[in-house]
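Following my numbering, the numbering of the sequence shown begins with 1 at its first residue and continues without gaps.
Built from N, CA and C at the ideal position, the CB exists for glycine as well.
Just so it is clear, the structure is predicted and the values come from calculations on it, not from any experiment.
Heads up: the structure comes next, in C-alpha cells.
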Amino acid sequence: MRDRWGIFHAQPIVLNERQAGAAIEGVVRQERVETTQLVVDTHGYTDFAMTLARLLGFDLCPRLKELTQRRLFVPRGMKVPEEIAAVCEAGIDTSFIEAHWDSLVHLAASVSSGHASAVSALARFGSAARGDPIYDAGVQLGKLLRTAFLADYFVNEAFRRELRRLLNRGEAVNALKRAIYTGRVGPAQARRAYEMQAVSDALSLLDNIVMAWNTAQMQAVLDRWANRRQIVPPELIGRVAPTRLEGINLRGVFRFPLERYAQQILPSQATAKTSAVG
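Take a look at the structure:
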C-alpha cells in the first residue's frame with residue numbers, strides 16, 4: 001500500500017512463510033507507483049532480502065524485533081569507536097562481496113525482468129543456502145545495509161516516526177479487510193492460483209472503495225470548516241485514518257445494473273445478441 005493509504009498491488013501468499021519475497025515482488029511487478037522505500041515488519045525481512053531490494057532500486061526498511069540484540073557490522077580492519085565497540089563487529093569481507101558482485105547483479109536482473117520471482121529467489125537463497133558463495137556475499141552486503149539503516153533509525157527521529165506510522169497504517173488496512181470479510185474462503189472458492197488472486201483483488205478493491213468514500217467525507221467536513229475559517233493543521237490531518245466503519249453498512253446488499261454496462265463489460269456477447277435478433 002502507498003504512504004497515502006491506497007492499496008496499489010495485491011497478491012495471495014502462504015501463511016507462516018517469510019513475507020520478504022512477496023513484499024519485494026509486489027514493488028517490482030506493479031508499474032504505476034515508483035517506490036524508493038519498502039516498509040516491512042520483522043517477518044518481511046532477511047539480510048539477503050536487504051541486498052536484493054537495494055539492487056532492484058529501493059531500500060528495505062524493516063521494523064525489527066529485539067533491537068537490543070541487533071549488532072552493527074562494518075568492514076574488516078575498520079576502526080570501531082569505543083562508544084559502540086560492544087555492539088559492533090568488524091567482520092564484513094568486502095573483497096568477498098566484490099568477487100561475487102556480478103552474480104548478485106545477475107540475480108537482481110532476473111527478478112527485475114520477470115525471469116525469476118523475488119519469492120523464488122529468496123526461497124532459493126534462504127538460510128538453508130548457507131555456504132553458497134552468492135548467498136554468503138548477499139548476506140554480508142545485507143548486514144552492511146542493515147547497519148546503515150539502523151544508524152538512520154536510531155539517530156533520525158523523523159525517519160523512525162514515519163516508518164512506524166506507515167506500519168501502523170498497514171495494520172489499520174488489514175483490520176479493515178478483516179471487518180469487510182469476516183468469514184472463511186472455502187476451498188471451492190480459491191483452489192487455484194488465479195481464484196486466490198481474484199479473491200485478493202476483490203477484497204483490496206472493496207478496501208480501497210471504503211477508504212476513498214471515507215476520504216471524500218473527511219474532505220467535505222474540512223471544506224465546511226475552511227469556509228468558517230476553522231483551519232486544521234496539516235500534521236493533524238495526516239494522522240486521521242480513512243479506515244473507520246461507523247458510517248458504513250458492511251452487511252448490506254450490492255446491486256449492480258450490469259445490463260446498462262453489458263456493452264463495455266462483454267462486447268462480444270452484446271454483438272452476438274444483436275446478430276441473433278437481426
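(request) Confirm the yes/no value for this check: CB of D3, any heavy atom of the ligand NAP, distance under 8 Å. (result) The model depicted lacks the ligand NAP and carries no ligand whatsoever.
(message) Residues in the same chain with beta-carbon distance under 8 Å from R71, minus the five sequence neighbours each way, listed in chain order, please.
(response) V87, C88, E89
(message) Classify P81: buried if its beta carbon has 16 or more other beta carbons within 10 angstroms, exposed otherwise.
(response) exposed
(request) Using the DSSP secondary-structure output, state which residues sit across from L72 in a beta bridge. (result) C88
(request) Return the residue from the list A129, N214, N249, L236 that minimises the CA-CA distance to G6. (result) N214
(message) Counting C-beta neighbours from all protein chains within 10 Å, is the total for A84 16 or more, i.e. buried, or is it exposed?
(response) At residue 84 the sequence reads Ile, which differs from the Ala that was named. It is exposed - the Cβ of I84 has fewer than 16 other Cβ atoms within 10 Å.
(message) Measuring only the C-alpha atoms, how far is R130 from A137?
(response) 10 Å
(message) Can you confirm whether the segment 197-212 touches the segment 165-183 when touching is taken to mean that 3 or more C-beta pairs between the two stretches lie within less than 8 Å?
(response) yes
(request) Decide yes or no for the touch test of the segment 53-71 against the segment 22-34: beta carbon pairs closer than 8 Å, at least 3 of them. (result) yes
(request) Kindly indicate the opening and closing residues of the beta strand (DSSP E) around D41. (result) 37-41
(request) Starting from R169, trace the alpha helix (DSSP H) both ways and give me its first and last residue. (result) 157-180
(message) Measuring only the C-alpha atoms, how far is Q217 from E17?
(response) 38 Å
(message) Is it the case that the segment 40-54 contacts the segment 140-147, given that we only count it when at least three CB pairs across the two stretches are under 8 Å?
(response) yes
(request) Over the uninterrupted alpha helix (DSSP H) stretch that includes D47, give me the two end residues. (result) 47-55
(request) For Q37, I'd like the list of residues in its chain whose CB is within less than 7 Å of its CB, leaving aside the five on either flank, ordered along the chain. (result) F58, D59, C61
(request) Taking 9 Å as the cut-off, decide whether the C-beta atoms of L176 and V210 are in contact. (result) yes
(request) Report the partner residues of R251 according to the DSSP bridge assignment. (result) Its beta-bridge partners do not exist; DSSP assigns none.
(request) Along the alpha helix (DSSP H) that carries R29, what are the first and last residues, could you check? (result) 20-29
(request) Confirm, please, whether the CB-CB distance from R124 to M1 is below 9 Å. (result) no
(request) Compare the Cα-Cα distances from T77 to each of E246, T94, Q269 and report the closest residue. (result) In the sequence under discussion, the amino acid at residue 77 is Gly, which differs from the Thr named in the question. Taking only the C-alpha atoms, the option nearest G77 is T94.
(request) Measure the C-alpha to C-alpha separation of S200 and G186 and round it to an integer number of angstroms. (result) 14 Å
(request) Could you give the DSSP three-state label for R63: helix, strand or coil? (result) strand
(message) Please identify the residue among Y153, D102, E259, K79 whose C-alpha is closest to the C-alpha of I134.
(response) D102
(request) Identify whether P234 lies in helix, strand or coil by the three-state DSSP scheme. (result) helix
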